[in-house]
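Q: Here it is, the structure, as structure tokens.
Protein chains in written order, with the working numbering: chain Y, 3 to 603; chain D, 2 to 160.
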């Protein structure tokens, strides 16, 4: 209705962690009270919406009236009353709480294609999705398009898998379609395991119906009657919203028997992952759905030929599937209009780490890393220096600051030694140690290796041992060459993608940051001051006020001293956790290299 | 126990479950996988216990030992890592006197665990204490929270 006021409150995982639920109920309470109702003449409704992208500013609140939108940032429940009184009732937005210029620069270079509805509507309401054109594409596909038309349209769009490997989606569907047999499956891979990535979580939380609609169109195109969403149990909110959405889709006749009277049957079941990164690999995921240990097998046969229960199966990532309804509604030409020649469309990235504006972003392929980090991301936190960007999680690599003009697309990132991957983008600054980062990823892949093939099981273990040796001051000359040789062997001989890509973080850090490896091995120091063996914490007596704050937080009881007298850290007891360093208000606790320079906070 | 397991078995039969879904149900019901529960189910279904253990030890969601009353989960995703989750964890284990391969305190009051990524990277580093998510955690704030919980527990004991 014209004149109505809509209030959208961010309630993704980020929004809820920042207190979104309390803000939501504050609005509901304020709107329900009688004197407010009398002073606000217009009809007001508060809605929860999915991720808005700019999670660092949560709780974000939109007030929409007559098509005009005012966005508030960092909203706490106690601020709600003033917004209701001055803005909703008085018509005067609370200027000082509105988003500033940088909020708009954050959005300036972004394109909201697959995220078009995410953060704009209530994800738990199918009518909200339908009202924005949702399910139109499915209806059109099922009633007036042949399955092959859909596949051709997708091929024309140039959509490639968004989960990591970048395989053309249309081609994958065609393979499964052409396989003989009546029973086929479509699986949505929502087992987003890459640490530092949350695109799929945000999509499922913010717009679960787009994923369902994408699966429905896919099922019709390949001829599947059954679908599964394999989703991480660590994402309780996403699971809950997906389950609600599935129920609504069934009620509205978009799932179940004889969908929209077309005679087509299709339904979707949710399968909870049990926590294994390797299950992101297609054949391992299938094994897990079948109730087995999630161990990959050799390909071919590909899942499109022999997948779940031995039947032709298409496995697509969440973001890939969520793109499908938009492509079918707006046309392949619209989609192919974004991006580069080989990488069409847009990609959602999780921009995190030492970046000022961290959050969920969607950009067209072909944008440069510099534009993402400095224009959208607003540069590095605390005005420190950019060191590298880690993309693609444990399968990816680190791209150094000198290569920031690199175009973000499948091919360019690969030639820089990294990958697009599922879309994690972690920004590292001068206080990050690259050897430690490599070791971090190897710890991850070592513990997530399923153990089936030796190169991965033993190789990642050995890589980790060498890296641990280097970061603990016991590195030997020749270790770098050994790492490189072993990495190449693991890449060549591992069974699945996990092992084949596990050495990437090591290789790319050696390629661009060999001086840091040398500093650890030869000079016995960690230039960034991260590796514990090379640092010690001490109290500078002339700065210490004797306030006992560090004594109270020290978990190992390593700090001795009395009130108002300088404290002292007993080095043998200190576990170097940094609690005192973070706590001291007087910069009296200093981190120093065992040999050489002193770092201040 | 048998009655609760009977329910889990029914759920499995009605909903086309599998070994994983049974284990997930047991974990939800008891908070870990008791040996007796696995033997009971394995007898009833005539599936060797080794198959259950093979799966239970493969996936990180399952626990073979009882867990602490308070669960502190530190996210160790990349963003949390570069923002100091490693330091948070070492302060936690030291505060609770946990040995390197232990995750639960002897009195079963606390369990400290790591999780690969919670997908809340924008507010890194993230720590979840008893299902409540805390973003932008610092070691001094974490120590204060844990010490408060410890104090509450010891007061309860005295009372």
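Even glycine gets a Cβ: it sits at the ideal position worked out from N, Cα and C.
When the Cα atoms are used, what is the spatial distance from residue 179 of chain Y to residue 170 of chain Y?
A: The sequence position of residue 179 of chain Y within the first chain is 177, counting from 1. The sequence position of residue 170 of chain Y within the first chain is 168, counting from 1. Approximately 15 Å, taken between the alpha carbons.
Q: Beta-carbon within less than 6 Å of residue 459 of chain Y's beta-carbon, same chain only, minus the 5 sequence neighbours each way: which residues are those?
A: For the purposes of this step, residue 459 of chain Y is taken as the residue at position 457 of the first chain. Result list for residue 459 of chain Y: 451, 453, in chain order.
Q: Please list, in chain order, the chain Y residues whose beta carbon lies closer than 7 Å to that of residue 82 of chain D.
A: As a working mapping, residue 82 of chain D is identified with position 81 in the second chain. Going along chain Y in sequence order, the residues near residue 82 of chain D (Cβ under 7 Å) are 442.
Q: Please report the residue range of the beta strand (DSSP E) in which residue 353 of chain Y lies.
A: The count along the first chain starts at 1 and reaches residue 353 of chain Y at position 351. Taken as a continuous stretch (DSSP letters only), the beta strand (DSSP E) holding residue 353 of chain Y covers 348 to 355.
Q: Under a three-way DSSP split, which group does residue 227 of chain Y fall into?
A: If you number the first chain from 1, residue 227 of chain Y lands on position 225. Here residue 227 of chain Y sits in coil by DSSP.
Q: Mapping DSSP to helix, strand and coil, what is residue 26 of chain Y?
A: Translated into positions along the first chain, residue 26 of chain Y becomes position 24. DSSP places residue 26 of chain Y in helix when its eight states are reduced to three.
Q: Between the stretch 322 to 336 of chain Y and the stretch 203 to 221 of chain Y, do three or more beta carbon pairs fall short of 8 Å?
A: yes
Q: Does the CB of residue 121 of chain D have a neighbour CB from chain Y at under 9 Å?
A: Position 120 of the second chain, counted from the start, is the residue given in the question as residue 121 of chain D. Answer yes: the Cβ-Cβ gap between residue 121 of chain D and chain Y drops below 9 Å somewhere.
Q: Just list the alpha helix (DSSP H) runs in the stretch 420 to 491 of chain Y, keeping only unbroken ones of 4 residues or longer that don't cross its boundaries, in chain order.
A: 436 to 450, 456 to 473
Q: Helix, strand or coil: how does DSSP classify residue 539 of chain Y here?
A: Counted from its first residue, the first chain places residue 539 of chain Y at position 537. Looking at residue 539 of chain Y - three-state DSSP - the assignment turns out to be strand.
Q: Could you compute how far the alpha carbon of residue 208 of chain Y sits from the alpha carbon of residue 405 of chain Y?
A: Taking the first chain and counting its residues from 1, the one referred to as residue 208 of chain Y is at position 206. Taking the first chain and counting its residues from 1, the one referred to as residue 405 of chain Y is at position 403. Each residue's alpha carbon lies about 33 Å from the other.
Q: Which of the three DSSP states, helix, strand or coil, is assigned to residue 19 of chain D?
A: What you label residue 19 of chain D is simply residue 18 of the second chain in a count that begins at 1. Residue 19 of chain D falls in the coil class under three-state DSSP.
Q: Whole alpha helix (DSSP H) runs in the stretch 214 to 280 of chain Y with 4 or more residues, listed along the chain?
A: 238 to 253
Q: Please compile the residues from chain D whose C-beta is within a distance smaller than 7 Å of the C-beta of residue 585 of chain Y.
A: For the purposes of this step, residue 585 of chain Y is identified with residue 583 of the first chain, where counting begins at 1. Result: 141.
Q: Under 8 Å between beta-carbons, which chain D residues line up against residue 589 of chain Y? List them in chain order, please.
A: What you label residue 589 of chain Y is simply residue 587 of the first chain in a count that begins at 1. Within chain D, no residue has its CB atom less than 8 Å from the CB of residue 589 of chain Y, the nearest being about 15 Å off.
Q: Taking only beta-carbon atoms, is residue 529 of chain Y less than 9 Å away from chain D?
A: Taking the first residue of the first chain as position 1, residue 529 of chain Y is located at position 527. Residue 529 of chain Y does not count as touching chain D.
Q: Residue range of the beta strand (DSSP E) that residue 592 of chain Y falls in?
A: Mapped onto the first chain, residue 592 of chain Y falls at position 590. Start and end: 591 to 595.
Q: Which whole runs of the beta strand (DSSP E) in the stretch 141 to 205 of chain Y are 3 residues long or more, in chain order?
A: 187 to 192, all fully within the stretch 141 to 205 of chain Y.
Q: Considering Cα atoms alone, identify which of Y:125, Y:192, Y:140, Y:210 is closest to residue 424 of chain Y.
A: Start at 1 with the first residue of the first chain, and residue 424 of chain Y comes out as number 422. Cα-wise, what sits closest to residue 424 of chain Y is Y:192.
Q: Hey, could you find the ends of the beta strand (DSSP E) residue 322 of chain Y is sitting in?
A: Working through the first chain from its first residue, we reach residue 322 of chain Y at position 320. That residue, residue 322 of chain Y, is in no beta strand (DSSP E); its alpha helix (DSSP H) goes 320 to 332.
Q: Give the DSSP-derived three-state secondary structure of residue 134 of chain D in the structure shown.
A: If you number the second chain from 1, residue 134 of chain D lands on position 133. Collapsing the DSSP output to three states places residue 134 of chain D in a strand.
Q: Where residue 80 of chain D and residue 32 of chain Y are concerned, what is the direct C-alpha to C-alpha distance, given to the nearest angstrom?
A: Along the second chain, read from residue 1 onward, the residue named residue 80 of chain D stands at position 79. Along the first chain, read from residue 1 onward, the residue named residue 32 of chain Y stands at position 30. Cα-Cα distance, rounded: 37 Å.
Q: Would you say residue 392 of chain Y lies against chain D (beta-carbon separation less than 9 Å)?
A: Within the first chain, numbered from 1, the residue matching residue 392 of chain Y stands at position 390. At least one chain D Cβ lies under 9 Å of residue 392 of chain Y.
Q: According to DSSP, is residue 111 of chain D part of a helix, a strand, or is it coil?
A: Counting from one through the second chain, the residue named residue 111 of chain D turns up at place 110. Of the three classes helix, strand and coil, the one that applies to residue 111 of chain D here is strand, per DSSP.
Q: Who does residue 67 of chain Y pair with in a DSSP beta bridge?
A: Sequence index remark: in the first chain, residue 67 of chain Y carries index 65 (1-based). Answer is Y:7, Y:70, bridged to residue 67 of chain Y.
Q: Relative to the C-alpha of residue 264 of chain Y, which residue among Y:483, Y:190, Y:143 is closest?
A: Walking along the first chain from the start, residue 264 of chain Y turns up at place 262. Checking every option, the nearest Cα to that of residue 264 of chain Y belongs to Y:143.
Q: Measure how close the beta-carbons of residue 296 of chain Y and residue 31 of chain D come, nearest whole angstrom, since I'm counting them as under 8 Å.
A: What you label residue 296 of chain Y is simply residue 294 of the first chain in a count that begins at 1. What you label residue 31 of chain D is simply residue 30 of the second chain in a count that begins at 1. Contact flag wrong, Cβ pair sits at about 23 Å.
Q: What is the DSSP secondary structure of residue 6 of chain D, counted as helix, strand or coil?
A: Here residue 6 of chain D corresponds to residue number 5 of the second chain, with the count starting at 1. DSSP places residue 6 of chain D in helix when its eight states are reduced to three.
Q: Between which residues of its own chain and residue 198 of chain Y is the CB-CB distance below 7 Å, once the five residues before and five after are set aside?
A: Counted from its first residue, the first chain places residue 198 of chain Y at position 196. Take residue 198 of chain Y, set aside five residues on each side of it, and the residues of its chain with a beta-carbon closer than 7 Å to its own are 352, 354, 395, 426, 428, in chain order.
Q: Kindly indicate if chain Y contains any beta-carbon less than 9 Å away from that of residue 145 of chain D.
A: The sequence position of residue 145 of chain D within the second chain is 144, counting from 1. So, interface residue.
Q: Rounded to whole angstroms, what is the Cα-Cα separation between residue 471 of chain Y and residue 19 of chain Y?
A: Within the first chain, residue 471 of chain Y is the residue found at index 469, counting from 1. Within the first chain, residue 19 of chain Y is the residue found at index 17, counting from 1. Cα-Cα distance, rounded: 38 Å.
Q: Identify every residue that forms a DSSP beta bridge with residue 370 of chain Y.
A: On the first chain, residue 370 of chain Y is found 368 positions in, with the first residue counted as 1. In the DSSP output, where bridge partners are listed per residue, residue 370 of chain Y has Y:409.
Q: Please determine, among Y:220, Y:474, Y:445, the residue with the shortest C-alpha to C-alpha distance to residue 461 of chain Y.
A: Walking along the first chain from the start, residue 461 of chain Y turns up at place 459. Among Y:220, Y:474, Y:445, the Cα nearest to that of residue 461 of chain Y is on Y:445.
Q: If you run the structure through DSSP and keep just helix, strand and coil, what is residue 34 of chain Y?
A: Your numbering for residue 34 of chain Y matches position 32 in the first chain. Helix at residue 34 of chain Y.
Q: How far does the alpha helix (DSSP H) with residue 17 of chain Y in it reach, from first residue to last?
A: Along the first chain, one-based indexing puts residue 17 of chain Y at 15. Here the alpha helix (DSSP H) through residue 17 of chain Y covers 15 to 19.
Q: Residue 390 of chain Y lies in the beta strand (DSSP E); which residues open and close that run?
A: Numbered from its first residue, the first chain carries residue 390 of chain Y at position 388. Here the beta strand (DSSP E) through residue 390 of chain Y covers 388 to 393.
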